[in-house]
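Numbering (my numbering), first residue to last: -9 to 148.
C-beta: ideal position from N, C-alpha, C; glycine also.
Treat the numbers as computed from the prediction; the structure is a model and nothing was measured.
Here the structure comes first, spelled out in structure tokens, and everything after it is commentary.
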Amino acid sequence: MAEAIQFTLNGVPQTVAIEAADKIIDVLREHLNLTGTKRGCDDGTCGACTIVLDGDAKRACLLPASKLAGATVLTIEGLSQGMEIHPIQKALIEAGAVQCGYCIPGIVLELYALFTKNVDASDDEIKTALSRHFCRCTGYEAIWEGAKLAQKAMQAKA
């Protein structure tokens, strides 16, 4: 039996009907057609499904959709301002970290959650955040360089 829940998604109030077995990724991708949240491993290890839930980076494939009730959610689709991409996205592009694009939305949102909470995060904190993501295209040097550029951009905005 479906249950209607309300939450805020990318700044917009939403009401969706969920089933008990639905995960957040199902709601985003299948009910709301937001495909920037990627389905990868379905066990939380790859990071492709990362969203920002109430300020924290979370794996959408692991969490039941019921966790959305009353929550505030940010997906990659909500990060840009119109046609202007976010400074984190710009930094990763500038560093050459964007190849196929499958892992990048999750990495962007992981960095967004980290730098929003602590723009002066240490190198170890950034490495820990990035260690939660798999990328098979770039290697990790370009992602690291992009993360450091993103941090500088976010510090300049602060």
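query                                                                                                                                                  : result
Quick one: using the 10 Å Cβ neighbour count with 16 as the cut-off for buried, is G30 buried or exposed?                                              : buried
Going by Cα to Cα distance, which pick from L104, A11, V88, T5 is closest to T118?                                                                     : L104
Nearest-angstrom Cα distance between C93 and Y130?                                                                                                     : 12 Å
Measuring CB atoms only, is the segment 52 to 64 touching the segment 1 to 15, in the sense that at least three cross pairs come out at less than 8 Å? : yes
Just the C-alpha distance for F(-3) and H21, rounded to the nearest angstrom, thanks.                                                                  : 14 Å
For V63, which of S70, Q79, G45, M73 has the nearest alpha-carbon?                                                                                     : G45
Given a cut-off of 8 Å on the beta-carbon distance, is the pair N0 and G96 in contact?                                                                 : no
Sorry if obvious, but does the Cβ on Q71 come closer than 7 Å to a heavy atom of the ligand GDP?                                                       : No copy of the ligand GDP occurs in the structure displayed, which carries no ligand at all.
Within its chain, find whatever has a CB closer than 6 Å to the CB of E135; leave out the 5 residues flanking it on each side and keep chain order.    : A85
In angstroms with no decimal places, state the Cα-to-Cα distance between S70 and L101.                                                                 : 14 Å
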